[in-house]
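Asker:
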Amino acid sequence: MFRVVASGSLLGFSVNQSIAGNRAKEARRTLMKRLPFVAVVLTMAGLLPFLFGACCIVFFSSGVPVPNLLMAFVFYGAVTLSFWGAVQWGLALDPSPSIITAGADRMDVFRLLLGVVPALAGWLAAYLAFAWQPVAGVAALAVAVPILALVEREGWRRGALPSGYMGLRWIATAVMECCLVVVLLARAF
Numbered sequence: 001m002f003r004v005v006a007s008g009s010l011l012g013f014s015v016n017q018s019i020a021g022n023r024a025k026e027a028r029r030t031l032m033k034r035l036p037f038v039a040v041v042l043t044m045a046g047l048l049p050f051l052f053g054a055c056c057i058v059f060f061s062s063g064v065p066v067p068n069l070l071m072a073f074v075f076y077g078a079v080t081l082s083f084w085g086a087v088q089w090g091l092a093l094d095p096s097p098s099i100i101t102a103g104a105d106r107m108d109v110f111r112l113l114l115g116v117v118p119a120l121a122g123w124l125a126a127y128l129a130f131a132w133q134p135v136a137g138v139a140a141l142a143v144a145v146p147i148l149a150l151v152e153r154e155g156w157r158r159g160a161l162p163s164g165y166m167g168l169r170w171i172a173t174a175v176m177e178c179c180l181v182v183v184l185l186a187r188a189f
């Protein structure tokens, strides 16, 4: 008869459960769809309006209608947040998921909820920019963008996102956050 002791050894073989858990997560990630190259190209292209908008806002003189530029900048940020939420909806509604786990239904509900929150945060940023001050919308985006990335990182660590997604997401988040902070510093102070 086999005997398992508290240290995790079976028949004299020691099993490091954290390594085994990491290997299982890695195996789940490799089973998921790979991130297509076109997704990388489109993500980088999608950052161009942010870079262009930030440069225009920071470098144009005060004679240029900066509030309109700020509004366009905030609205594009709101659309981008909504798009990132839609990624979660796409994964939850996939008719043929790559991985089916015991908690798949619960994960799908979480993904659907997570997909709505960025759109609401984007709407709040747009509303603040429109109803109060455009800089307030920029500040709301500067808070929402990294929070969403941190939440998605947790999902990625659990094997719920395709391989390569978080690397691309961190690049997009870093570029967006730098643009938001530069605009915030240039126009708020």
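Okay, so the sequence shown: first residue is 1 according to this note's numbering, each after it adds one. Built from N, CA and C at the ideal position, the CB exists for glycine as well. Note that the structure is predicted; figures quoted are calculated from it, not measured.
1) Output yes if chain C places a C-beta closer than 8 Å to the C-beta of Gly159; else output no.
2) Go ahead and pull the three-state DSSP assignment for Phe161.
3) In chain order, what residues of the same chain lie with their CB nearer than 7 Å to the CB of Val183, ignoring the 5 residues before and after it?
4) Flag this pair as yes or no: are the beta carbons of Met71 and Pro134 separated by less than 8 Å?
5) Which class does Gln133 belong to by DSSP, given the choice of helix, strand or coil?
6) Let's test the definition: count the other Cβ atoms within 10 Å of the Cβ of Trp156 and tell me whether it reaches 16, buried, or not, exposed.
7) Answer with buried or exposed for Gly90, where buried requires no fewer than 16 other C-beta atoms within 10 angstroms of its C-beta.
8) Please classify Met176 as buried or exposed, where buried requires at least 16 other C-beta atoms within 10 Å of its C-beta.
9) To the nearest whole angstrom, what separates the beta carbons of Leu141 and Leu180, a pair I think is in contact under 8 Å?
10) Taking the alpha-carbon positions, what's the Gly159 to Phe60 distance?
11) For the candidate residues Leu48, Ala86, Gln88 and Leu93, whose alpha-carbon lies nearest to that of Tyr76?
Answerer: Let me lay it out:
1) This model lacks chain C altogether, as it is built from one protein chain only.
2) For clarity, residue 161 is Leu in the given sequence; the question names Phe instead. Correct three-state label for Leu161: coil.
3) Ala54, Ile57, Val58, Phe73 and Val138
4) yes
5) coil
6) buried
7) exposed
8) With 16 or more Cβ atoms within 10 Å of its Cβ, Met176 is classed as buried.
9) 5 Å
10) 44 Å
11) Leu48
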